[in-house]
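Participant:
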Amino acid sequence: MPLTVCTSGLTRRCNSPVRAADSPSSLMTPSHRGKATSAATPSDALKDEYGNLDASGQTYVVPHFTTESGATMRDVEVRYNTFGRLNEARDNVMVVCHALTGNARLDTWWSSLLGPGQAFDTDKYFVVCANILGSCYGTTGPMSRDPATGQVYGPRFPHVTIRDTVRLHMRMLKEAVGVRSVASVVGGSMGGMQALEWAFLGLSGGGSPGAEAGESGESFVKSAVVIACGARHTAWQIGISETQRQAIYADPNWQGGAFDPAAPPVQGLAVARQIAMFSYRTSHGFENKFGRARAEDGRYEVRRYLEYQGQKFLSRFDALTYVRLTEKMDSHDVGRDRGGVDAALRSLRIPVLVVGIDSDVLYPLHEQEEMAGLIPMGELKVVQSRNGHDAFLLEQQQVGGAIAQFLRKHQL
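So for the sequence shown, the UniProt record's numbering puts the first residue at 1; every next one is plus one.
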């Protein structure tokens, strides 16, 4: 049966094997119960490009899932949204992967790329976006209830990897939707890391342990678009993540992750978000927006902005989820168990578009240049922007144009 998308972005399906959950245990409405220092909204603030997110969509339940670390999880819920129609051959599929604090509502954060005639052409492709394992937007995460105990996982939630998420999502596509092949996988930042793993795990039989690049069989994934990330997390990126985690650990309410839900470590999480904002933008962007301007109360405007962003983040995320997801990003290494990064990238045999941003300080352009140079069918596109890492969300015209051109070139 074809799959359809409602105008609201929510999906419905007839005769599907999906197990819908009216009150899914992994659906946490992100809201803090504590209070951090208040901050007024700066009129000229650089905005949070994700804004306020929701966890709406369909849910597929995977009865048993074993992580790379060897932990076996029961009844893992995967929240996802679809756009467009699945063709009879079940091969017009495009997978779009979200970043660290994103969700499956692709239509709210890459909206200009989605729709008829756009890069994610819903007249041509059946577009799927799923929430990552360990998140707080519908897919099972630390704030979900463990079916084995009936209690919230909390700090007992297994340490999961980028590769785990891709294996889980691949199972969902095959088991819930019956997809036979994927035309392209696209993602930016943490989503780009997932897109890379899709390229490796996407051989026929992909998603099961051992299905790696270099094995015989037709590729389940035909192409990939990897935006604003590297082939592995470097010491620079791990250090930035660790600094944010240390801010959370320093909050006395952290309690090793087993914090009281009525008194979460909101101060630490707010500071962690403030630190992250520097890595997402550029010195030029901050100087252009704020300079040395002060508010009426004497605070520098840049301080007001950071306090505002930290406070705002508390309305849609929790500290434990943030810690675990940043650790998950640090696990990113396509060379793990594949003979190292260089050997792994040289083994890819599908077209891969690598998109870098000339002002990205978090994932510097040289990382994308090196990656594209090692992939046999790799192509490099550089986005020109003063917005730093967040240009993958902000420069949608450039990003969408590069994706569309790549898909046309390879007749995907």
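No residue lacks a Cβ here, since even glycine has one placed at the ideal position from N, Cα and C.
Quick one: what's N81 bridged to in DSSP?
Facilitator: Beta-bridge pairing links N81 to C129.
Participant: Indicate whether the contact test is met: 3 or more Cβ pairs, each with one atom in the segment 317–328 and one in the segment 265–273, closer than 8 Å.
Facilitator: The segment 317–328 is in contact with the segment 265–273.
Participant: Where do the N-terminal and C-terminal ends of the beta strand (DSSP E) with L407 fall, by residue?
Facilitator: That residue, L407, is in no beta strand (DSSP E); its alpha helix (DSSP H) goes 396–409.
Participant: Measuring CA to CA, which of Q58, G84, G102, A89 is closest to V78?
Facilitator: Answer by Cα proximity: Q58.
Participant: Between I350 and A391, is the Cβ-Cβ spacing less than 7 Å?
Facilitator: No, Cβ-Cβ distance for I350 and A391 is not below 7 Å.
Participant: Quick one: Cα of R304 to Cα of G310, how far?
Facilitator: So the alpha carbons of these two residues sit roughly 10 Å apart.
Participant: Quick one: is residue 419 buried, meaning 16 or more other Cβ sit within 10 Å of its Cβ, or exposed?
Facilitator: With the chain covering 1 to 412 only, the question about residue 419 has no answer from this structure.
Participant: With H, G and I counted as helix, E and B as strand and the rest as coil, what does DSSP make of V354?
Facilitator: Of the three classes helix, strand and coil, the one that applies to V354 here is strand, per DSSP.
Participant: Measuring straight from C-alpha to C-alpha, what distance separates I162 and A343?
Facilitator: Near 19 Å, if we compare the C-alpha coordinates of A343 and I162.
Participant: Rounded to whole angstroms, what's the CA-CA distance from K409 to G84? Just pull it up for me.
Facilitator: Answer to the nearest angstrom: the Cα atoms are 22 Å apart.
Participant: Per DSSP, D333 forms a beta bridge with which residues?
Facilitator: D333 pairs with R232.
Participant: Closer than 6 Å by C-beta to R156: which residues in its own chain qualify, once you throw out the five before and the five after it? Chain order, please.
Facilitator: Around R156: no qualifying Cβ.
Participant: Among the residues of its own chain, which have a CB less than 7 Å from the CB of G192, if the five just before and after it don't count?
Facilitator: So the list reads V226, I227, A228, C229, once near-sequence residues are dropped.
Participant: Taking DSSP as the reference, what is the three-state secondary structure of F392?
Facilitator: In the structure shown, F392 sits in a helix (DSSP, three-state: H, G or I).
Participant: Distance check for Q118 and G134, CA to CA, integer angstroms please.
Facilitator: Their Cα atoms are separated by approximately 30 Å.
Participant: Alpha carbon to alpha carbon, how far is S69 from D164? Give it in angstroms, no decimals.
Facilitator: Approximately 9 Å, taken between the alpha carbons.
Participant: Mind the definition here: the segment 91–103 touches the segment 177–184 only if three or more C-beta pairs lie below 8 Å; say whether that holds.
Facilitator: Verdict: yes, contact present.
Participant: Comparing the CB of D251 with every heavy atom of the ligand SAM, is any distance shorter than 6 Å?
Facilitator: In terms of ligand content, the structure shown is empty, and the ligand SAM therefore cannot be addressed.
Participant: For the alpha helix (DSSP H) that I162 lies in, which residues bound it at each end?
Facilitator: Taken as a continuous stretch (DSSP letters only), the alpha helix (DSSP H) holding I162 covers 162–172.
Participant: How is T59 classed by DSSP in three states: helix, strand or coil?
Facilitator: Reduced to three states, the DSSP call for T59 is strand.
Participant: Could you check if H64 is buried or exposed, using at least 16 other CB atoms within 10 Å of its CB as the buried criterion?
Facilitator: The residue is exposed, with fewer than 16 neighbouring Cβ atoms inside 10 Å.
Participant: Which of the three DSSP states, helix, strand or coil, is assigned to I248?
Facilitator: Looking at I248 - three-state DSSP - the assignment turns out to be helix.
Participant: Report yes if the C-beta distance between S359 and T234 is below 7 Å; otherwise report no.
Facilitator: Cβ atoms of S359 and T234: not closer than 7 Å.
Participant: In angstroms with no decimal places, state the Cα-to-Cα distance between R13 and N81.
Facilitator: Note on R13: pLDDT 31, under 50, position unreliable in the model; no value is reported.
Participant: What residue from A404, W198, L348 has the CA that sits closest to L168's CA?
Facilitator: Checked all of A404, W198, L348; the closest Cα to L168 is W198.
Participant: Could you check what DSSP says for A36 in three-state terms: helix, strand or coil?
Facilitator: Caution is warranted here: a pLDDT of 39 is assigned to A36, below 50, making its placement in the model unreliable, and the coordinate value is therefore given only provisionally. Three-state result, A36: coil.
Participant: Measuring alpha carbon to alpha carbon, tell me which residue in R386, L407, S112, V186 is nearest E287.
Facilitator: Cα-wise, what sits closest to E287 is R386.
Participant: Could you tell me the boundaries of the beta strand (DSSP E) in which L113 lies?
Facilitator: Run containing L113: none; DSSP gives neither H nor E here.
Participant: Going along the chain, which residues of its own chain have a beta-carbon closer than 6 Å to the beta-carbon of D146, five neighbours each way excluded?
Facilitator: Y153.
Participant: Within its chain, find whatever has a CB closer than 8 Å to the CB of F259; leave out the 5 residues flanking it on each side and keep chain order.
Facilitator: Counting only Cβ-Cβ distances below 8 Å, and skipping sequence neighbours, we find N253, P265, A319, L320.
Participant: Compare the C-alpha of R336 against each of F200, Q255, A55 and name the closest.
Facilitator: Closest by alpha carbon: F200.
Participant: Which residue comes first and which comes last in the alpha helix (DSSP H) that contains E197?
Facilitator: 190–201 is the extent of the alpha helix (DSSP H) around E197.
Participant: Look at the Cβ atom of S184, then the Cβ atom of S223, and state whether they are nearer than 7 Å.
Facilitator: Yes, the Cβ-Cβ distance between S184 and S223 is below 7 Å.
Participant: Rounded to whole angstroms, what's the CA-CA distance from A293 to R299? Just pull it up for me.
Facilitator: Rounded to the nearest angstrom, the two C-alpha atoms are 9 Å apart.
Participant: In the DSSP assignment, find the alpha helix (DSSP H) that holds G373 and state where it starts and stops.
Facilitator: Residues 365–374.
Participant: Exposed or buried, what is R245 when buried is set at 16 or more other beta-carbons lying within 10 Å of its beta-carbon?
Facilitator: Buried, by the Cβ-count rule.
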